[in-house]
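Residue numbers (the working numbering): 60 to 525.
In structure tokens:
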């Protein structure tokens, strides 16, 4: 490692993100070349680059001013590059005079490539790592204008968007392969259920459970509790799901979703959703980005937009004062926070349903969960619960009241309180799947721990109500 190269160039997380792009040592592509041509034209520079830098070299994925298409000729050593400075700072570098700027004076490219002025912005991966730069280079000293800087910033974002789209498609393909395997099992089980008649409901129960996590993981710093009731759908598999799984850099993800329809199609979509979100989480912890990846997968698999779903995605990260929660909602009811003092508040903006539009509006919202606070994710089976033959629904107001009034001090107690309240109101009638996922930050000295049997808290609708 050169002592003059910023340490972040060699960061393992950044290098892993670079490798995931698959762009190193690849040939020119119009998707990137049109961006560098536009930069050179608008700024009037002889050179413009899209660079991807690993720990040894800065690879020029696209370059105006370099004639060769051979990947071996489209790179320089990382210590000769200017993008090393951008990686080190994580922000743009605007240099009117490379020889006189203390940050760049002495860089070998001043002599080797005739660099006199340099301006560039970082190209970020979906999880925020700096992959390289989008930059313009002039062989004469120049003052970069505000317009020049704005152009480079916009084109850098476009290059990052192209890379993110490719990663999303890769994730979608991998998730589709996994989901197709699960789908084959789902279709076989459903067909068998229809054949055997009397055993159909039992087989549907088994299939539904195969689409849920087999156990809840132990998440550092929180208690996780779940209550799940399968709707009285006979042989039909419905579409509510939940999951909890690790993400990048010590974060964890918690997801609750509701798939449209029922039967084999709903089973397919549920499998696709779970596998896509798990695959996305190992690359990125941003909830809205991962929901957007799922949206891409849904539209790739169902080209007629016949299948859609709603979902809420929460990223959990340890904090000295508790746990930070970052939430995005794709057409789903916002989760509720129950503070230790009984205050109840929503977290997250509604967002658009997933699977319909190419680029649904998705938003992230963050909060700090302190000891005694709980985050409650749920499906509409909770708020739309009703007695048989009665249209009066449980509704969000009753849910708020349950959370405000309960004396529950642990996650398991809170999940039970919600489930009991709904079942009491509906007189035990469950027409739709119901999923309740509680993330609770224990108070100091609390000893309650989450259970870990298969499908913890899963309750079939045919059981007697509490």
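Ideal Cβ placement from N, Cα and C applies to all residues, glycine included.
Unbroken beta strand (DSSP E) run spanning residue i, endpoints
i, result
"residue 433", "433-437"
"residue 409", "Careful: residue 409 lies outside any beta strand (DSSP E) and carries neither H nor E."
"residue 316", "311-318"
"residue 493", "493-499"
"residue 305", "299-305"
"residue 284", "282-289"
"residue 395", "395-397"
N- and C-terminal bounds of the alpha helix (DSSP H) containing residue i
i, result
"residue 77", "71-80"
"residue 203", "Where residue 203 is concerned, there is no enclosing alpha helix (DSSP H), given that its DSSP letter is neither H nor E."
"residue 170", "168-171"
"residue 157", "Note, residue 157: premise wrong, no alpha helix (DSSP H); not H, not E."
"residue 275", "Neither: residue 275 is in no alpha helix (DSSP H) and is coded neither H nor E."
"residue 358", "346-360"
For residue i, the three-state DSSP class (helix, strand or coil)
i, result
"residue 130", "helix"
"residue 177", "strand"
"residue 372", "strand"
"residue 521", "For residue 521, the pLDDT reaches just 35, beneath the cut-off of 50, and the residue's location in the model is therefore unreliable, although a value from the coordinates is still provided. If DSSP states are grouped into helix, strand and coil, residue 521 belongs with coil."
"residue 191", "strand"
"residue 112", "strand"
"residue 453", "coil"
"residue 379", "coil"
"residue 486", "coil"
"residue 142", "helix"
"residue 422", "coil"
"residue 91", "helix"
"residue 164", "coil"
"residue 136", "strand"
"residue 415", "coil"
"residue 441", "helix"
"residue 184", "coil"
"residue 51", "Absent from the model: residue 51. The displayed extent of the chain is 60 to 525, so no value can be given."
"residue 197", "strand"
"residue 260", "Here residue 260 scores only 48 on pLDDT, less than 50, and its place in the model is too uncertain to base an answer on."
"residue 481", "helix"
"residue 446", "coil"
Rounded C-alpha distance that separates residue i from residue j
i, j, result
"residue 107", "residue 202", "16 Å"
"residue 92", "residue 475", "57 Å"
"residue 336", "residue 164", "46 Å"
"residue 168", "residue 348", "37 Å"
"residue 260", "residue 464", "Legend: pLDDT at residue 260 = 48, less than 50; position of this residue unreliable, value from coordinates given subsequently. Rounded to the nearest angstrom, the two C-alpha atoms are 37 Å apart."
"residue 265", "residue 318", "For residue 265, the predicted structure reports a pLDDT of 43, less than 50, and the residue's modelled location is therefore unreliable. A value from the coordinates is still provided. Roughly 18 Å between the two C-alpha positions."
"residue 353", "residue 80", "19 Å"
"residue 66", "residue 185", "21 Å"
"residue 498", "residue 160", "51 Å"
"residue 358", "residue 298", "18 Å"
"residue 95", "residue 207", "13 Å"
"residue 226", "residue 190", "13 Å"
"residue 395", "residue 83", "44 Å"
"residue 539", "residue 361", "This structure cannot speak to residue 539, because the chain is shown only from 60 to 525."
"residue 129", "residue 121", "11 Å"
"residue 564", "residue 320", "This structure leaves residue 564 out entirely; the chain is present only between 60 and 525."
"residue 154", "residue 382", "41 Å"
"residue 421", "residue 112", "30 Å"
"residue 64", "residue 166", "11 Å"
"residue 116", "residue 110", "10 Å"
"residue 283", "residue 386", "16 Å"
"residue 200", "residue 338", "47 Å"
"residue 267", "residue 326", "Residue confidence for residue 267 is low, a pLDDT of 48 falling below 50, so the modelled location carries little weight; the figure read from the coordinates is stated next. Roughly 8 Å separates the two Cα atoms."
"residue 316", "residue 132", "49 Å"
"residue 306", "residue 374", "8 Å"
"residue 446", "residue 454", "13 Å"
"residue 300", "residue 144", "45 Å"
"residue 414", "residue 77", "29 Å"
"residue 428", "residue 70", "30 Å"
Nearest residue (CA-CA) to residue i, options the options
i, options, result
"residue 371", "342, 409, 356", "409"
"residue 72", "360, 341, 385", "341"
"residue 192", "176, 156, 199, 140", "140"
"residue 388", "138, 411, 285", "411"
"residue 178", "170, 172, 196, 187", "196"
"residue 123", "452, 134, 324", "134"
"residue 89", "150, 218, 180", "218"
"residue 501", "198, 398, 311", "398"
"residue 181", "170, 274, 127, 222", "222"
Nearest-angstrom Cβ-Cβ length linking residue i and residue j, presumed shorter than 8 Å
i, j, result
"residue 438", "residue 483", "Their Cβ separation, rounded to whole angstroms, is 19 Å, which puts residue 438 and residue 483 out of contact at 8 Å."
"residue 210", "residue 98", "7 Å"
"residue 328", "residue 368", "6 Å"
"residue 309", "residue 377", "7 Å"
"residue 469", "residue 432", "Rounded, the Cβ-Cβ distance is 12 Å, inconsistent with contact."
"residue 423", "residue 345", "7 Å"
"residue 384", "residue 436", "Going by Cβ atoms, the distance from residue 384 to residue 436 rounds to 10 Å, so no, they are not a contact pair."
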